[in-house]
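Number of protein chains: 2
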Amino acid sequence: MEKKTTIYDIAAKLGLTAATVSRALNNNAKISLNTRKLVLETALEMNYEQNKLALALKSGKSYNVGVIVPRIDSNFFSTVIRGIEEELYPKGYHVIICQTHNQENLEIEKINSLLNVQVDGILMSISNADLEEDKGFNKLLKNKGTPLVFFDRKKDIKGVSSVTIDDFKGGYDATKHLIEQGCRRIAHLYNDRKFEIFNNRFLGYRQALLDNGIEFDESLEIETISNVAEGRKSARELLGRDRPPDAIFSSSDFAALGALQEIRERGLGIPEDICIVGFSNEPFTKFMELTITSVDQFPMEMGKVAAQVFLEEVSNIQDIKIAKNIVLTPELIVRKSSLKT
Amino acid sequence: MEKKTTIYDIAAKLGLTAATVSRALNNNAKISLNTRKLVLETALEMNYEQNKLALALKSGKSYNVGVIVPRIDSNFFSTVIRGIEEELYPKGYHVIICQTHNQENLEIEKINSLLNVQVDGILMSISNADLEEDKGFNKLLKNKGTPLVFFDRKKDIKGVSSVTIDDFKGGYDATKHLIEQGCRRIAHLYNDRKFEIFNNRFLGYRQALLDNGIEFDESLEIETISNVAEGRKSARELLGRDRPPDAIFSSSDFAALGALQEIRERGLGIPEDICIVGFSNEPFTKFMELTITSVDQFPMEMGKVAAQVFLEEVSNIQDIKIAKNIVLTPELIVRKSSLKT
DNA sequence: ACTTACATTGCAATCCATTACAACCAAATA
DNA sequence: TATTTGGTTGTAATGGATTGCAATGTAAGT
């Protein structure tokens, strides 16, 4: 473990000062060509590499950003992160990831933890719908030096930028599509509506019904959790009703899959008897034999755009910044599970 | 953007020295109870928070680790990363992620980049099979201060620890299972055998044939790339043969899926006519109606174990460290695609 | 020959926290 | 009373790089 060479080592070897070496390495105009060449050569020879930590301390920029997500092992989040990383790395940033697993305390804790390591910004998808009350979060907000950008699961907070998709439109389009397929009793499996995204999908669903003269039936609206087992459970419930639905729009692909499995096990046909539409366009929806219609959220682009918003914000820290709320347009991908021939 | 308070601010307010404040905050024994209490209170009051960057520069430990993977938006890698993050965060580490997209130059570049930001270690799955030649890589190896741990896709390099699964056993078990199902003409779709993992799966496959008295037929061994389209292509090729196979063992779930789709489109039955086994136990393999037999690699555990190996290595930097090569045991998950009743 | 100006380089402070070593004061001991 | 001792706190260096200002030297201008 030979210790790394510093600009002091180079300076000593050349009978110069660290200041001069620093300037030479940074192509500062005030250094003679000779000296610069000498320094550059010596630096190469001694395997010099800038210690970014020292630079960060001095400059106040760590060139690290923190990304906080509920979990990383989900296609949606890992794809967003991919987008963020690809957008930010060329600009010199590194991405630190944190997971919360929907635990309130972890969310606050990780924000603080990131702030302590002096990240230049935080991009996050909230996992705790009541976040704003918390002091750890407020601290970040007051701390106007470190930009905050929400993506996907945001909170409507003044002065905080966000990148989301138009979940209302997603819900609306999905429902409208089902109506166009001739469905009239369209059930909706929704997730925790304290989150804007889920509430908006729900509202889009209702609006589509309204616009098409279909009265909504609250008994067809069931709250679920985003996994296969819960989707099955909800489907079971729906199928037990006096008048079962002829379509299910789920705000989660996993719940949609569960419903699909339950329905087929009961001998019902998809899409003949019941159409199904999910949300997120998870990879498996197109891999199955009975492919599942779903709403694509363009996670990669969402990540890239969130990164761009962050970049804009860091570059005008001192200016009064106006929060930017970017809304991407989702796309309904129609597949077999809802396409009646 | 009020600037953060430092120990100097606290010291000034109390008429003390930064040194004293530092000691008080760190519960150093040599500080009087009074002073400590005073400092602690004032620190709270002034919203003091330790600047980890300064600490890192002073101590030489950044408490950051770098994780390099080909891409993060794959279930396998994101799950490994999840394991790493969950294991390391409680110990005070943050995880920086880097993707290479299998580009050689990026791999070297990102290693250097991580080294420059003074990560305390690097955990990586190589994406470039010829990595060892490169000087950026050698630098990391010589730089014994920063531990390196390979996971999954490793290179056999003296002194470098690794955590992998027993791919030979994975390939062997998969093939043996197919033989037990009565298959005799078992094709193998393998990926680039310059990688140990793929070569070992290949060797396991051959050994299983050998052990069961089945002569292997090189025409049944086809190189593919891990995606659906390539899997289809390979299947098409195999089905065009004079004597098509009665089973396919693919070293990738995606290629297996492609093969499955191609086979069914041709009206052949799975598993009746052709059995299929994939590798990785991607989520979709169990979601499909025709579930796919696959080999689970326990990515979460792999991540956790890799993190543990790293932790061990950082704690004995000065000691001569003996590389640890941990091999996890994979598990064949038998599903419909290969289970003849 | 003397001043002016410019081109280079050095000095020292700064970013923030830690820590070996020195210094100080008061109480206890000889 | 003089001295040792222990308990506290201060001094200053350290980690590595950057940068405003000062200083030096040299060539050009008058």
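Sequence order for the protein chains is G and W. Here this note's numbering is used: the first residue of the first sequence is 868, the next is one more, and so on. Here this note's numbering is used: the first residue of the second sequence is 868, the next is one more, and so on. The C-beta atom is built at its ideal place from N, Cα and C for all residues, glycine as well.
Determine, using beta carbons only, whether residue i comes closer than 8 Å to chain G.
| i | result |
| --- | --- |
| E1212(W) | Here chain W comprises residues numbered 868 to 1208, so residue 1212(W) is not present and cannot be evaluated. |
| L924(W) | yes |
| N893(W) | no |
| M1155(W) | yes |
| T946(W) | yes |
| V962(W) | yes |
| E916(W) | yes |
| I939(W) | yes |
| Q966(W) | yes |
| R949(W) | yes |
| S1101(W) | no |
| E952(W) | yes |
| N1066(W) | no |
| V1016(W) | no |
Does the CB of residue i have a neighbour CB from chain W at under 8 Å?
| i | result |
| --- | --- |
| S1119(G) | no |
| K889(G) | Sequence inspection shows Ser at residue 889(G); the Lys mentioned does not correspond to that position. No - not a single Cβ of chain W is within 8 Å of the one on S889(G). |
| P1150(G) | yes |
| A896(G) | no |
| D1019(G) | no |
| R1202(G) | no |
| H1055(G) | no |
| S1093(G) | no |
| L1124(G) | yes |
| A886(G) | no |
| E1179(G) | no |
| L905(G) | no |
| A1096(G) | no |
On the DSSP bridge assignment, give the partners of residue i in chain order.
| i | result |
| --- | --- |
| H961(G) | N931(G) |
| Q966(G) | V936(G) |
| G988(G) | V932(G) |
| L1056(W) | I1089(W), S1117(W) |
| L1015(G) | I989(G) |
| N1192(G) | S1029(G) |
| S1147(W) | D1163(W) |
So, with DSSP's three-state summary, where would you put residue i?
| i | result |
| --- | --- |
| F1062(W) | coil |
| G1049(G) | coil |
| G882(G) | coil |
| E1139(W) | coil |
| V1201(W) | coil |
| T1160(W) | strand |
| F1154(G) | helix |
| L1124(G) | helix |
| N918(W) | coil |
| T1208(G) | coil |
| D1109(W) | coil |
| M913(G) | coil |
| E1082(G) | coil |
Determine the burial state of residue i: buried for a count of at least 16 other Cβ atoms within 10 Å of its Cβ, exposed for fewer.
| i | result |
| --- | --- |
| H968(G) | exposed |
| I1064(W) | buried |
| S1147(W) | buried |
| A891(G) | buried |
| T1208(G) | exposed |
| T845(G) | Residue 845(G) lies beyond the range of chain G shown here (868 to 1208); nothing can be said about it. |
| N1209(G) | Here chain G covers residues 868 to 1208 and nothing more, so residue 1209(G) does not appear. |
| V1194(G) | exposed |
| I935(G) | buried |
| A1075(W) | buried |
| I1159(G) | buried |
| G1037(G) | buried |
| P1197(W) | buried |
| M868(W) | Because the pLDDT of M868(W) is 49, which lies under 50, any placement of that residue in the model is unreliable, and the number read from its coordinates should be weighed accordingly. With fewer than 16 Cβ atoms within 10 Å of its Cβ, M868(W) is classed as exposed. |
| Y1039(W) | buried |
Assuming the contact rule is C-beta atoms closer than 8 Å, residue i and residue j should be a hit. Round their C-beta distance to whole Å, please.
| i | j | result |
| --- | --- | --- |
| F1151(W) | P1150(G) | 6 Å |
| N1058(G) | S1119(G) | 6 Å |
| I1115(W) | A1054(W) | 5 Å |
| Q985(G) | L920(W) | 5 Å |
| P1166(G) | T946(G) | 4 Å |
Within 7 Å: the Cβ of residue i and any heavy atom of the ligand HEM?
| i | result |
| --- | --- |
| Y930(W) | Annotation note on the ligand HEM: not contained in the displayed structure, which lists no ligands. |
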